[in-house]
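One structure is given below, encoded as structure tokens.
Protein chains: 2
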Amino acid sequence: MLTSRTKDVRVVKRPMSRFGGDVFYAVADPTRRALLDLLAQGEEPVNSLAERFAMSRPAISQHLAILLKTRLVRARRVGRERLYQLQPKPLEQIYDWVALYERFWTEKLSALGEHLRKNREKRS
Amino acid sequence: MLTSRTKDVRVVKRPMSRFGGDVFYAVADPTRRALLDLLAQGEEPVNSLAERFAMSRPAISQHLAILLKTRLVRARRVGRERLYQLQPKPLEQIYDWVALYERFWTEKLSALGEHLRKNREKRS
DNA sequence: TTTATACGTAAGGCTGCGCTTACCTGTCAA
DNA sequence: TTGACAGGTAAGCGCAGCCTTACGTATAAA
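Residue numbers (our numbering), protein chains in the order written: chain A, 1 to 124; chain B, 1001 to 1124.
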């Protein structure tokens, strides 16, 4: 019975992030992208995932926590394992944003802009 | 004649980044995405860009330097201005990566796993 | 010239990221 | 029970990211 223990004065460490659950941030880290790529082949427990990386299991757990907060993965308990599962819906945000630029490189609009720029320089 | 000045011992500050010119990293910052969005409407000088943000001009310059290193923008001198121009080609990397998952959230079946299996050795 | 403008860059501060080790809980096995 | 295993989480360390101010440089204007 821990009644005689003094109550700790908690020095609140701020886990605040500039990007709270932002998809672009989540995907910026190559390890997290690799995790998503692995999970794209099927759900997998943490240890199985961690074995493929040159870092500790807690590190992978923390990456998965970020992916969880971004809702890019889901986890379900099976026995004493937690199977992580891809949940790619938030990637749609990235897709939609980048898709706006797609026309710039497919329709070669940038090349057109450069062409106009050169002509303008000749005239001036 | 600065002969009496002692030669400075240069404390080399390391500007090294884990992500050297990585597109995903460049785009992770909301300010840099906003810069790209602005430049999508046409080339623009630095001051004109900086006016739209609640931060100093050098901060914008540094963001632009990162976009330059990633080749997401180009700059050309005109008088004493530097006009920055969108160069969206590198975004294709993001597009291609996310596009693999698109089939994942639209359909339910995909040959995604097969594709990733082939590419996995490159990263490790 | 001299002065003003547009911009880059160095220097430094603060903070959060990404990692580690240590510790804890929860589940299965013996 | 006890032990082993899976995994989440706290604490802390080193450093990169993002900002600031101060300064340097190139061009244009006076």
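Virtual Cβ for every residue (Gly too), placed ideally from N, Cα, C.
Is there a Cβ of chain B sitting closer than 9 Å to that of residue i, yes or no?
i, result
"A:R33", "yes"
"A:A40", "yes"
"A:P45", "no"
"A:E81", "no"
Since residue i sits in a beta bridge, which residues does DSSP pair it with?
i, result
"B:P1045", "B:L1083"
"A:V73", "A:L86"
"A:V78", "A:E81"
Quick one: what's got a C-beta closer than 8 Å to residue i's C-beta in the same chain, skipping five residues either side?
i, result
"B:K1063", "Rather than Lys, the amino acid found at residue 1063 of chain B in this sequence is His. Around B:H1063: D1029, T1031, R1032 and L1035."
"A:A54", "none"
"B:V1098", "none"
"B:D1037", "none"
Using a Cβ-Cβ distance under 9 Å, would residue i count as near chain A?
i, result
"B:V1027", "yes"
"B:W1105", "yes"
"B:V1053", "Residue identity check: residue 1053 of chain B is Phe in the sequence provided, not Val. Taking Cβ atoms only, chain A never reaches closer than 9 Å to B:F1053, which makes this a no."
"B:L977", "This structure does not reach residue 977 of chain B, given that chain B is present from 1001 up to 1124, and the question cannot be answered."
"B:G1020", "no"
"B:V1009", "A caution first: B:V1009 carries a pLDDT of 39, below 50, which makes its placement in the model too unreliable to give a value."
Measuring CA to CA, which of the options is closest to residue i?
i, options, result
"B:L1100", "A:R52, A:L83 and A:L39", "A:L39"
"A:E81", "A:K69, A:G20 and A:E44", "A:E44"
"B:A1026", "B:I1066, B:R1052 and B:A1054", "B:I1066"
"B:E1102", "A:D96, A:F104, A:E102 and A:W105", "A:D96"
Looking only at its chain, what residues have a beta carbon closer than 6 Å to the beta carbon of residue i, apart from the 5 residues adjacent to it on each side?
i, result
"B:R1076", "L1083"
"B:R1074", "Q1085 and Q1087"
"B:N1057", "The sequence given here places Arg at residue 1057 of chain B; Asn does not occur at that position. Excluding positions up to five away in sequence, the list reads A1050."
"B:R1052", "none"
Take residue i and list the residues in its own chain whose beta-carbon comes closer than 7 Å to its own, dropping the five residues that flank it on each side.
i, result
"A:K69", "G21"
"A:Q93", "V23"
"A:P90", "V23, T70, R71 and L72"
"A:S61", "V46"
"B:G1042", "none"
For the ligand SAH, I want to know if residue i counts as a neighbour, meaning its beta carbon is within less than 8 Å of at least one of the ligand's heavy atoms.
i, result
"B:Y1025", "Here there are no bound small molecules, and the ligand SAH is not part of this structure."
With 8 Å as the C-beta to C-beta threshold (strictly closer), list the residues of the stretch 85-99 of chain A near chain B in chain order. L86, P88, K89, L91, E92, I94, Y95, W97, V98 and A99
Output needed in chain order: residues of the stretch 1057-1076 of chain B with a Cβ under 7 Å from some Cβ in chain A. Flagged: no residues at all.
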